[in-house]
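Colleague: Starting off with a structure, shown below.
Residue numbers (the working numbering): 1050 to 1243.
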């Protein structure tokens, strides 16, 4: 069955790039979530007090991929100990969070968050129902596929952890990625940090 979950992991370019390569993810869309302004632009989110978070809508097949695995991958690529920041990106739009649409997911999410909180002295990741989501502009969609040398706050080590977590599925025939996808992932992993 197709399901949706929304991840705010800092800059949405890298967050989308990670999730779209996970076997069982059917689609990703970057956008702005849980803010106070209707249909904001990137400029609005960056320069006005909209309360929106840069967020990735992840549509996945829950018969092939569990929400638990997605959330585990999310925590591998964020720093939950900082508020309104990830990497070099600073501002409320970079606040991390998980936003759900299915109330049945809440119990699993609360359990996972409780476990994650025990690993850190400080913990600032939001867990809320999705109030609203507006697609970001077309040029933000699949940004790192179109711009392999583009900025990404997610480290090579974090990417590698996620890749290893799904290695068996990636190598299977059912989920075989295209050569282009593999090359883009490798290019992103081996570019210099910015």
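Glycine included, C-beta positions come from ideal geometry on N, C-alpha and C.
Distance, Cα to Cα, residue 1190 vs residue 1179?
Modeller: One C-alpha to the other measures close to 20 Å.
Colleague: Do residue 1102 and residue 1122 come within 9 Å of each other at the CB atom, strictly closer than that value?
Modeller: Cβ distance not < 9 Å, so residue 1122 and residue 1102 don't count as in contact.
Colleague: When burial is assigned at 16 or more other CB atoms within 10 Å of the CB, is residue 1096 buried or exposed?
Modeller: Exposed is the call here.
Colleague: Between the C-alpha atoms of residue 1078 and residue 1162, what's the straight-line distance to the nearest angstrom?
Modeller: C-alpha separation (whole angstroms): 24 Å.
Colleague: Measure the alpha-carbon distance for residue 1202 versus residue 1176 and round it to whole angstroms.
Modeller: Distance between the alpha carbons of residue 1202 and residue 1176: 22 Å.
Colleague: Drop a sphere of 10 angstroms on the beta-carbon of residue 1130, count the other beta-carbons inside from all chains shown, and report buried for 16 or more, exposed for fewer.
Modeller: That one is exposed.
Colleague: Can you find the residues in the same chain that come closer than 7 Å, C-beta to C-beta, to residue 1137, ignoring five residues on each side of it along the sequence?
Modeller: The residues are 1202.
Colleague: Pull up the distance between the alpha-carbon of residue 1125 and that of residue 1087, whole angstroms please.
Modeller: Distance between the alpha carbons of residue 1125 and residue 1087: 31 Å.
Colleague: The alpha helix (DSSP H) that contains residue 1207, what's its start and end?
Modeller: That run of the alpha helix (DSSP H) goes 1205-1214.
Colleague: Classify residue 1110 as helix, strand or coil using the three-state DSSP reduction.
Modeller: Reduced to three states, the DSSP call for residue 1110 is strand.
Colleague: For residue 1157, which residues of its own chain have a beta-carbon under 7 Å away from its beta-carbon, when the five flanking residues on both sides are left out?
Modeller: Answer for residue 1157: 1116 and 1117, listed in chain order.
Colleague: Please report the straight-line C-alpha distance between residue 1091 and residue 1153, rounded to a whole angstrom.
Modeller: In a straight line, the C-alpha of residue 1091 is about 32 Å away from that of residue 1153.
Colleague: Between the Cα of residue 1186 and those of 1146, 1171 and 1094, spot the shortest distance and give me the residue it belongs to.
Modeller: That would be 1094, whose Cα lies nearest to the Cα of residue 1186.
Colleague: Name the residue from 1099, 1110 and 1195 whose alpha carbon lies nearest to the alpha carbon of residue 1063.
Modeller: Residue 1195 is the option with its Cα nearest to residue 1063.
Colleague: Hey, which unbroken runs of the alpha helix (DSSP H) at 4 residues or more fall wholly within the region 1139-1216?
Modeller: For the region 1139-1216, whole alpha helix (DSSP H) runs of length 4 or above, ordered along the chain, are 1155-1166, 1192-1195 and 1205-1214.
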